[in-house]
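Participant: The working numbering applies: residue 12 is where the sequence shown begins, and numbers increase by one.
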Amino acid sequence: MVLSSGSPTLRVVFIAFEGGDGAGKTTQIELLRARLVEDGQDVVVTREPGGTDLGASIRQVLLHGDAIAPRAEALLFAADRAHHVATVVRPALRRDAAVLQDRYIDSSVAYQGAGRELDPAEIKRLSLWATEDLLPDLTVLLDVTPQDGRSRRGAVHDRLESEQDDFHARVREHYLQLAAQDPGRYLVVDASLPREEIAAIVAERVDRL
Ligand code: TYD
Numbered sequence: 012m013v014l015s016s017g018s019p020t021l022r023v024v025f026i027a028f029e030g031g032d033g034a035g036k037t038t039q040i041e042l043l044r045a046r047l048v049e050d051g052q053d054v055v056v057t058r059e060p061g062g063t064d065l066g067a068s069i070r071q072v073l074l075h076g077d078a079i080a081p082r083a084e085a086l087l088f089a090a091d092r093a094h095h096v097a098t099v100v101r102p103a104l105r106r107d108a109a110v111l112q113d114r115y116i117d118s119s120v121a122y123q124g125a126g127r128e129l130d131p132a133e134i135k136r137l138s139l140w141a142t143e144d145l146l147p148d149l150t151v152l153l154d155v156t157p158q159d160g161r162s163r164r165g166a167v168h169d170r171l172e173s174e175q176d177d178f179h180a181r182v183r184e185h186y187l188q189l190a191a192q193d194p195g196r197y198l199v200v201d202a203s204l205p206r207e208e209i210a211a212i213v214a215e216r217v218d219r220l
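1. Please confirm whether Leu-171 and Leu-74 have their CB atoms less than 9 Å apart.
2. In three-state DSSP terms, what is Gln-297?
3. Under 8 Å from any heavy atom of ligand 1, does the C-beta of Arg-163 make it?
4. Quick one: what does DSSP say Thr-20 is sitting in, helix, strand or coil?
5. If you draw a straight line from the C-alpha of Leu-146 to the C-alpha of Arg-196, how long is it?
6. Nearer than 8 Å: is that true of the beta carbon of Glu-231 relative to any heavy atom of ligand 1?
7. Rounding to the nearest angstrom, what Cα-Cα distance links Leu-111 and Val-151 in this structure?
8. By the DSSP assignment, the alpha helix (DSSP H) with Asp-91 in it spans what residues?
9. When burial is assigned at 16 or more other CB atoms within 10 Å of the CB, is Val-13 buried or exposed?
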């Protein structure tokens, strides 16, 4: 997204990080944040679900509460997203900050659409309605196998993480399909590479944005 900016060299970007649980998104977001800040960029790091006060409550219900019917789960993720985009993401982009976000629409498409076997196209439409069609400039997909993800996460599992490997395999396959359909807006990186190597690949692509 290009917004008016004080400096002609600054170009405002919205970058989403996606991937299976345990892919290392948080680490990569922090490494990119440090690099952009060093370059003088205003950076907002945020996440879904839970990037707002309301979102923190929704996150608690979604990840640590009782069982939720799949369609109710999809609506709760979309509600978190609608509030987050309206109150955090769009205001940040408007003031020329770069937004680095841990999970966005593709998480719903992959987890609720493919994982829960709701219709991925409907799930996408729901999120586009929720966000008034805000799409990232770039989505970094950290590709992790269900087995690697589980061993990297360790012993603690939230409600989604506790799903079986076949659920996580559907999520992974769908993420890869999304990326293959639109290579210009995705960067797929093997999450098992050393973290500095992943950071260098991400930095190189972001520099080209
Ligand atoms: P995340 O914050 O990445 O987990 P953690 O901080 O514990 O590493 O994501 C929380 C979980 O929510 C994750 O299993 C993926 C799931 N999720 C969905 O199912 N749909 C969504 O739309 C989003 C944003 C997340």
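Cβ coordinates follow ideal geometry from the N, Cα and C atoms, glycine included.
Facilitator: Based on what the coordinates show:
1. If you number the sequence shown from 1, residue 171 lands on position 160. If you number the sequence shown from 1, residue 74 lands on position 63. Taking 9 Å as the Cβ cut-off, Leu-171 and Leu-74 qualify as a contacting pair.
2. The first residue shown for the chain is 12 and the last is 220, placing residue 297 beyond what the model contains.
3. Stepping through the sequence shown from its first residue, residue 163 is reached at position 152. Flag unset: Cβ of Arg-163 not near ligand 1.
4. Position 9 of the sequence shown, counted from the start, is the residue given in the question as residue 20. At Thr-20 the pLDDT is 47, less than 50, meaning the model places this residue with poor confidence and gives no usable figure here.
5. Within the sequence shown, numbered from 1, the residue matching residue 146 stands at position 135. Within the sequence shown, numbered from 1, the residue matching residue 196 stands at position 185. Leu-146 and Arg-196: Cα-Cα distance of roughly 10 Å.
6. The chain is shown from 12 up to 220; residue 231 falls before or after that span and cannot be answered.
7. For the purposes of this step, residue 111 is taken as the residue at position 100 of the sequence shown. For the purposes of this step, residue 151 is taken as the residue at position 140 of the sequence shown. One C-alpha to the other measures close to 10 Å.
8. Taking the sequence shown and counting its residues from 1, one reaches residue 91 at position 80. It spans 81 to 95 - the alpha helix (DSSP H) in which Asp-91 sits, taken as one unbroken run.
9. Your numbering for residue 13 matches position 2 in the sequence shown. Any answer about Val-13 is weak, because its pLDDT of 42 lies below 50 and its placement is not dependable; what the coordinates show is given next. Counting Cβ neighbours within 10 Å, Val-13 comes out exposed, since fewer than 16 surround it.
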